[in-house]
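For reference, the structure is listed below as structure tokens.
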Amino acid sequence: MNRFISSFSRRHLNGKLFSHNLLKSWTYSPNNHLRCSSTLSLKYAVFEPKQKTQFIDDTKTPKKKEMDHSNPSLTVQNLILRDAQTPTSDAAQAISRWKQRLEDLNENFEKTLTEIEQTNKTMENTEHFGDMADLDAVESISFLKDFKTSLIVKPSPLLGTEDRDVPTSEEPCVGCGATLQCQHRTFPGFLPSEYFKVLTAEEMKSTLCQRCYYIQNCDAFQEVSTNPKEFSQLISNIKSTRSIVVLVVDVMDIQGSIIPNLMDYIGKNHPVIIVGNKADLLCPDSTDYLKNVSTALKNQCYRAGIRNMKKCVLISAKTGFGIERLITTLFTFYKQKVDIYIVGSANAGKSSLFNTLLASDYCKHTARDLIQRATISPWPGTTLNLLKFPIMRPSSRTSTLRVLRLKQKQAQKLLEKQEKILKLKRKENDLTWELKEEVEVTDVRTAGQFQADEVGTSWGQEIGGYIQKGSGMIEINKGPEKSAPFNSKDYHESYWTYDTPGLVNPTQVMNLLTSEEAPFIAPKTMLVPQCVLLNPGDSLFVSGLARLDYLEGNDTVVFTVHCGPQLPIVVMPSLEADQFYIDSVGTEKLGLPLGSKERILRLPSLCGKEFTVKGMKPNIASSDIQMSSIGWISVAPQVDQEVKLRAYTPGGVGMHQRNPALLPNYTVYRGKRISGTPFLATKPPGWIMANEVGELLES
1 MNRFISSFSR RHLNGKLFSH NLLKSWTYSP NNHLRCSSTL SLKYAVFEPK
51 QKTQFIDDTK TPKKKEMDHS NPSLTVQNLI LRDAQTPTSD AAQAISRWKQ
101 RLEDLNENFE KTLTEIEQTN KTMENTEHFG DMADLDAVES ISFLKDFKTS
151 LIVKPSPLLG TEDRDVPTSE EPCVGCGATL QCQHRTFPGF LPSEYFKVLT
201 AEEMKSTLCQ RCYYIQNCDA FQEVSTNPKE FSQLISNIKS TRSIVVLVVD
251 VMDIQGSIIP NLMDYIGKNH PVIIVGNKAD LLCPDSTDYL KNVSTALKNQ
301 CYRAGIRNMK KCVLISAKTG FGIERLITTL FTFYKQKVDI YIVGSANAGK
351 SSLFNTLLAS DYCKHTARDL IQRATISPWP GTTLNLLKFP IMRPSSRTST
401 LRVLRLKQKQ AQKLLEKQEK ILKLKRKEND LTWELKEEVE VTDVRTAGQF
451 QADEVGTSWG QEIGGYIQKG SGMIEINKGP EKSAPFNSKD YHESYWTYDT
501 PGLVNPTQVM NLLTSEEAPF IAPKTMLVPQ CVLLNPGDSL FVSGLARLDY
551 LEGNDTVVFT VHCGPQLPIV VMPSLEADQF YIDSVGTEKL GLPLGSKERI
601 LRLPSLCGKE FTVKGMKPNI ASSDIQMSSI GWISVAPQVD QEVKLRAYTP
651 GGVGMHQRNP ALLPNYTVYR GKRISGTPFL ATKPPGWIMA NEVGELLES
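Count the sequence shown with the UniProt record's numbering and you get residues 1 to 699, in order.
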């Protein structure tokens with residue numbers, strides 16, 4: 001029995017379990033072109049993004065039973081029904097084929113636990129399968145002879161059963177930092193008891209919890225019970241440490257991703273390095289747009305009460321932009337003998353930065369391959385405890401080698417710039433551009449070490465074998481030994497970089513969304529700003545989570561919407577906006593929020609806040625209306641013209657006015673007006689930088 005559970009658990013670890021994405025409930029439309037409905041015929045205009053999301057309209061489709069994320073079982077009833085509808089098979093043939101398939105698969109299985117209940121209607125439930133590569137994600141199979149008979153299915157070991165008698169492990173999950181346990185499925189660090197019990201002490205040190213496994217391998221999210229006060233207490237421990245704080249701020253939501261009372265947690269004596277993450281998502285409006293973003297970031301941090309700021313760096317943990325400059329900055333603090341704590345709000349990108357630094361020169365090379373990467377996901381609150389890695393000591397030799405590598409990279413950039421100038425002269429314009437840099441590792445081997453590695457380099461697969469000794473004795477050669485797991489005690493003299501859990505900012509709209517809705521908010525590629533012409537008395541919806549009314553003004557004003565490509569934009573007269581929202585919320589017209597009417601009723605109603613914007617310069621956006629987690633809308637009135645606006649979000653949270661605008665040159669984005677609509681065509685994102693040969697101005 002133990003051997004069976006062990007083999008099953010190791011198949012679970014190797015990624016065979018839940019290879020199908022069972023928990024996703026959304027799909028993507030193959031429609032990749034823009035469509036704008038005429039305002040004359042429908043009284044409102046709809047801008048549908050390129051990657052249009054198919055949402056469920058409860059008013060038109062029959063309600064389906066919501067998926068239970070705590071028990072994501074899969075039945076083959078739908079498969080049987082599908083086969084029964086084809087002209088070449090019927091329900092009886094489909095049932096027979098699946099029964100025969102199960103019998104064939106179970107013949108070679110060493111021991112199968114099967115429970116069969118005979119009722120007036122036949123139904124089979126198989127709890128354990130053997131080596132079934134094609135059905136490795138199926139946990140319960142029901143046959144079509146009727147679905148009215150209800151049968152209680154016992155929890156499957158694949159899903160995981162609890163065992164309250166097994167004590168909690170002392171080892172943390174290598175993905176989120178939560179202590180591993182098998183006592184409570186809804187608590188952080190849960191592992192199925194069938195798997196938890198067979199793990200050795202060494203294997204436990206490199207194991208993912210079930211939640212991290214779902215995120216990394218199934219693109220699915222499992223809710224766990226956490227207490228935000230515990231995270232706050234964890235961050236408060238920084239006060240008593242000798243350390244430097246790296247504050248990660250999401251530049252897509254600057255006001256919303258800065259914790260208002262952060263200094264109360266970390267204290268006022270620690271130096272703070274401000275890191276503006278996700279800079280690659282901003283669509284440039286000029287060559288010095290990064291300078292404007294950096295200035296706005298520092299000003300907002302100062303207004304939030306953050307003092308002792310030593311440096312402000314813009315980065316992209318995803319594309320590597322700015323990481324090398326950040327590492328150079330962090331190395332300058334090594335002589336102060338301090339640790340580094342990465343802090344910030346949930347979903348700001350702390351774990352992504354932690355992983356990038358872990359794979360760079362900033363981590364000791366002897367520990368770089370032993371420490372597993374932190375779990376990252378579009379869902380907030382992924383990290384549940386401290387994760388850490390030892391910091392490399394920047395000796396004179398390693399620092400010199402690193403400088404030489406960076407200079408070589410700079411020379412390569414200069415060569416690419418010259419090639420770009422030649423292309424522009426030949427009018428071979430490339431309208432694609434991305435804020436991206438390579439993060440590499442400096443080779444610090446000596447000449448002798450390099451030569452020894454070259455001579456001893458092996459190729460192919462190293463396998464074990466049999467070595468025959470005297471007297472007919474045979475010894476098994478197990479091949480090369482595996483490297484020992486990471487042990488922090490081996491680095492007791494090192495300084496450390498810590499990844500901390502994200503603090504919850506109550507002003508973020510993200511906190512009101514479910515795990516199904518959260519991925520639609522966060523953009524994955526550079527934003528494509530959408531310019532819209534509004535007259536007084538018009539309203540603009542950004543999905544069903546944000547609304548902006550143009551209350552008073554004299555002229556038509558250009559509004560530029562900066563939001564994710566999956567959020568629809570709708571424009572209509574304000575007199576019809578209330579009824580439109582009531583009829584369309586939860587449907588495809590507005591997209592988010594998702595779910596049934598009951599779920600939508602649990603979401604706070606849209607509450608408004610008024611703003612006044614005055615025009616400063618011609619063809620320049622004066623202010624931004626920030627809507628936390630959703631994006632922002634730039635407003636560009638005529639010079640000395642004042643306009644009154646009212647913005648809405650669920651519960652009225654997360655709304656701020658930013659002066660000046662973050663990306664004010666909206667004329668870079670706008671094209672010709674789309675006939676019959678208030679929308680303006682949008683130019684390719686980043687085209688202004690694709691046609692420039694100058695360097696980015698960052699400070």
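Even glycine gets a Cβ: it sits at the ideal position worked out from N, Cα and C.
Check, Outcome
"Unbroken beta strand (DSSP E) run spanning residue 607, endpoints", "606 to 614"
"Limits of the alpha helix (DSSP H) - the one that residue 203 falls within", "201 to 204"
"Contacts around residue 458, its chain only, beta-carbon distance under 7 Å, and the 5 residues preceding and following it disregarded", "Residue confidence for residue 458 is low, a pLDDT of 49 falling below 50, so the modelled location carries little weight; the figure read from the coordinates is stated next. So the list is empty, once near-sequence residues are dropped."
"Cβ shell of residue 254 (< 7 Å), same chain only, five flanking positions each side left out", "296, 297, 300"
"Top-ranked residue by Cα proximity to residue 376, from 490, 653, 500", "500"
"Secondary structure of residue 524, DSSP reduced to three states", "coil"
"Distance between beta carbons of residue 350 and residue 383, contact taken as under 8 Å", "7 Å"
"Strand pairing of residue 702, partner residues [DSSP]", "As displayed, the chain neither begins before 1 nor continues past 699, which places residue 702 out of reach and without an answer."
"CB contact flag (residue 615, residue 637, <7 Å)", "yes"
"Inter-residue spacing [alpha-carbon to alpha-carbon] between residue 536 and residue 613", "14 Å"
"Nonlocal neighbours in the same chain, by C-beta distance under 6 Å from residue 319, ignoring five residues either side", "280, 436"
"Pick from 327, 683, 344 that is closest to residue 356, judged by C-alpha positions", "327"
"Residue of 289, 278, 389 minimising C-alpha distance to residue 489", "389"
"Per-residue DSSP class, three states only, for residue 602", "helix"
"Cα-Cα separation between residue 511 and residue 538, rounded to whole angstroms", "29 Å"
"Supposed close pair residue 502, residue 347 - CB separation, criterion 8 Å", "7 Å"
"6 Å CB neighbourhood of residue 433 in its chain, flanking five on each side removed", "686, 689, 690"
"Beta-carbon proximity check, residue 600 vs residue 586, cutoff 7 Å", "yes"
"Closest residue to residue 439 among 165, 332, 495, 402 (Cα-Cα distance)", "402"
"For residue 620 and residue 493, the rounded distance between their alpha carbons", "55 Å"
"Three-state class that DSSP yields for residue 319 in the structure shown", "coil"
"Separation of residue 631 from residue 749, as counted between CA atoms", "As shown, the chain starts at 1 and ends at 699. That puts residue 749 outside it, with no answer to give."
"Same chain, Cβ closer than 8 Å to residue 311, neighbours up to 5 away in sequence not counted", "273, 274, 329"
"Through-space distance from residue 583 to residue 725, alpha-carbon basis", "Outside the modelled stretch of the chain, which goes from 1 to 699, sits residue 725, for which no answer is possible."
"Assigned exposure category for residue 188 - 16 Cβ within 10 Å defines buried", "buried"
"Residue 417 burial status per 10 Å Cβ neighbour count (16 or more: buried)", "exposed"
"Local conformation of residue 580 per DSSP, three classes", "helix"
"Own chain residues within Cβ distance below 6 Å of residue 670, not counting five before or after", "531, 680"
"Exposed unless 16 or more other CB atoms sit within 10 angstroms - verdict on residue 448", "exposed"
"Cut-off 7 Å between Cβ atoms - residues of its own chain near residue 617, not counting five sequence neighbours on either side", "639"
"3-residue-minimum beta strand (DSSP E) runs that sit fully inside the segment 225 to 282, ordered along the chain", "243 to 250, 272 to 277"
"Cα-Cα separation, residue 443 to residue 166", "46 Å"
"Burial state of residue 568, where buried means 16 or more other Cβ atoms lie within 10 Å", "buried"
"For residue 647, the residue or residues it bridges with in DSSP", "548, 609"
"Those residues which DSSP pairs with residue 636 across a bridge", "558"
"Buried versus exposed call for residue 505 [16 or more other C-beta atoms within 10 Å across all chains shown]", "buried"
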